[in-house]
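Engineer:
In my numbering, the protein residues as written are 83 to 321.
In structure tokens, the structure reads:
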């Protein structure tokens with residue numbers, strides 16, 4: 083699996099000639115309750131990207147470890163950047179790689195914040211509007227989790243809950259601290275702008291992390307990787 087940062091310029095040039103796909107992992111520096119590290123989203127995006135690259139031959143870029151974290155921004159350890167910065171950063175990184183001949187991109191985010199994802203998709207849209215020869219897929223881990231969670235009877239799972247904790251138990255078990263906190267399912271008032279959303283979930287958790295297991299994490303990881311490999315193949319076949 084060629085990681086861009088490990089290649090010389092000639093090795094990079096040869097890798098692009100072999101396979102014009104590049105995966106850009108995007109994460110966040112964001113609280114994940116008292117039991118998971120603030121780098122959870124970035125680590126998951128990197129590991130999933132690496133697994134997809136192993137099966138497809140795609141290049142993997144260095145991750146973007148910051149994102150837009152509106153709901154969790156006041157928790158210790160969260161560093162949130164603006165919508166404009168997320169969009170601009172993704173845009174310029176992709177532009178830089180496109181200038182060297184890469185034509186197909188998967189922007190894969192471990193962070194699923196709504197505005198964060200809109201910013202990434204807006205960057206992709208701006209690029210393809212300017213160059214119709216580019217293919218850019220933009221998605222996040224949580225886009226694929228529901229079928230497996232439903233099989234396990236897990237509903238309303240969210241931030242730092244059963245899915246993310248399970249993935250960490252699989253990918254980096256030593257990073258999971260202690261017993262999972264009590265389940266938390268905050269009831270956000272519809273359509274209302276909240277200056278302090280963190281007051282509705284002081285544990286930093288949305289879901290029930292006690293339902294997590296390494297076995298569930300393995301299933302989720304494999305399922306997400308399989309779906310992404312299929313997406314790349316479908317996009318490539320479509321030209």
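For every residue, glycine included, the Cβ atom is placed at its ideal position computed from N, Cα and C.
Going by DSSP in three states, residue 116 sits in which element: helix, strand or coil?
Structural biologist: Residue state, collapsed to three classes: coil.
Engineer: For residue 102 and residue 276, what's the separation of their Cα atoms in angstroms?
Structural biologist: Looking at the two C-alpha atoms, the distance is approximately 43 Å.
Engineer: Which residue from 244, 252, 248 puts its Cα closest to that of residue 265?
Structural biologist: Closest by alpha carbon: 244.
Engineer: Run through DSSP, which three-state label would residue 107 get?
Structural biologist: Three-state DSSP puts residue 107 in a strand.
Engineer: Starting from residue 186, trace the alpha helix (DSSP H) both ways and give me its first and last residue.
Structural biologist: From DSSP, residue 186 is part of no alpha helix (DSSP H) but of the beta strand (DSSP E) over 186–191.
Engineer: Helix, strand or coil for residue 311 per DSSP?
Structural biologist: Three-state DSSP puts residue 311 in a helix.
Engineer: Checking 9 Å against the spacing of the C-beta atoms, do residue 259 and residue 171 come in under that value?
Structural biologist: Contact: no.
Engineer: Taking 9 Å as the cut-off, decide whether the C-beta atoms of residue 164 and residue 176 are in contact.
Structural biologist: Cβ atoms of residue 164 and residue 176: not closer than 9 Å.
Engineer: In chain order, which alpha helix (DSSP H) runs of at least 4 residues are fully inside the segment 187–271?
Structural biologist: Listed in chain order, they are 196–212, 228–233, 244–253.
Engineer: Between residue 187 and residue 146, how many whole angstroms is the CB-CB distance? I'm expecting something under 8 Å.
Structural biologist: 13 Å between Cβ atoms; not a contact.
Engineer: Going by DSSP, what residue range makes up the alpha helix (DSSP H) through residue 175?
Structural biologist: Segment 165–180, the alpha helix (DSSP H) holding residue 175.
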